[in-house]
Structures are given as C-alpha cells and as structure tokens.
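I have placed the structure first, in the form of structure tokens, so that the comments after it can refer back to it.
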Amino acid sequence: MKRLLIPTALILLAGCDQTSGPDDLAFVAPSQALCRPTPNGRDVTGCYVTLTASRNDRLISVSSPVATEAQIHEMKVEGGIMKMAERKEGLPLPAGEAVMLKPGGDHIMLIGLKQPLTAGKTVSLTLTFEHAQAIGIRAAVGQPGQDRMVH
C-alpha cells in the first residue's frame, strides 16, 4: 500500500500549478459605477466607481468598447488652478479602503466615444489591476448624485 501512496502523491504534486502565489488571492470589489451622459457634440465623458481591494493593489488601466481610449485621471489644485491630468502610474488601492473615483477627484475619462452616452443606458468597462484579476463591470449612465450601482 505504501508503494502506491508515494507515487500517487508525487503525481498529484506534479499536477499542481507551481506559478500560483499571493496574487491569486488578490481581488477588487467594485460598487456604484456611473458614467455621465455626453452633451451634444462631445466625445468625452467621466466615469466614477468605488473600488475596495483585498490587499494593496493599483488600478493600472481601463478600457471600454464605447471609446477609443480610457484613462485614469486625477484632479488637483496647482497654483490656485484646478488641473486634470492622466495618472500614468495608475491609482493606488490601499488594502481594505474604499477608494472613490468621483467628480472633482480621481476618475475615469472615456475619450473618443463612438456614440453619445444617454441616461438610462449602461457602459461596459474593463478594469485592470497590478495584482488582482481584471474585472468587467457595467456602469449606469446618469448624473452623479443619483443612485449608482454595478450591474
């Protein structure tokens, strides 16, 4: 019997994925996703979402089939002037803290919209992280301040 147990155990261990590690346990929970409707003639809009990471992580990119480009932006005051700029290094997500992407602060900017976004519709977004697996979410289209939810 012992002769069978040792080879069986070795075969089972050989079948295990040796590349798994701590990143396999990382996840990010999204909530309250919302994209603003686009005014006539505009091909850009802002999107907002709250992200809570299970461990220290970073939102490194966003994509959407409705836009040619999506960027992670920050708003900051420099010399008394409010400025918006792309966060090329991504957005830090401290473990267990809800990080709100919101109007007047960090947000997602959809650029080169293929068609206008209208209230009541939804937008697909794919969020890519440094550690956690990429996730797809559906953001409602509406004005900030209304009830927001991820579908």
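Per numbering that gives the first Met the number 0: the sequence shown = residues 0 to 150. From the three backbone atoms N, C-alpha and C, an ideal C-beta is built for every residue, glycine too.
Around the Cβ of residue i, are there at least 16 other Cβ atoms within 10 angstroms (buried) or fewer (exposed)?
i	result
Val-76	exposed
Thr-117	exposed
Arg-41	exposed
Gly-45	buried
Gly-153	Only positions 0 to 150 of the chain appear in the structure, and residue 153 is not among them; the question remains open.
Ser-63	buried
Arg-137	exposed
Ala-97	exposed
Gly-144	exposed
Ala-94	exposed
Ala-28	exposed
Leu-24	exposed
Ala-153	What is shown of the chain runs 0 to 150, which leaves residue 153 out entirely.
I want to see whether chain C comes within less than 9 Å of residue i, judged by CB atoms only; does it?
i	result
Leu-112	The question asks about chain C, but that chain is absent: this structure has only one protein chain.
Should residue i and residue j be called a contact, given that it needs their Cβ atoms to be closer than 9 Å?
i	j	result
Leu-90	Asp-105	yes
Tyr-47	Met-81	no
Leu-50	Leu-92	yes
Val-65	Gln-114	yes
Phe-128	Ala-69	no
Gly-135	Leu-124	yes
Ile-71	Met-108	yes
Does the distance between the C-beta of residue i and the nearest non-hydrogen atom of the ligand FAD fall short of 8 Å?
i	result
Asn-55	The ligand FAD is not part of the structure shown, which contains no ligands of any sort.
What would DSSP say about residue i, mapped onto helix, strand or coil?
i	result
Leu-24	helix
Val-65	coil
Asp-56	strand
Gly-144	coil
Ala-97	strand
Thr-37	coil
Pro-29	strand
Gly-103	coil
Since residue i is in the beta strand (DSSP E), which residue starts that stretch and which ends it?
i	result
Glu-85	80-85
His-106	106-112
Thr-121	121-128
Leu-116	Leu-116 -> no beta strand (DSSP E), and no H or E assigned at all.
Arg-137	134-140
Pro-91	90-92
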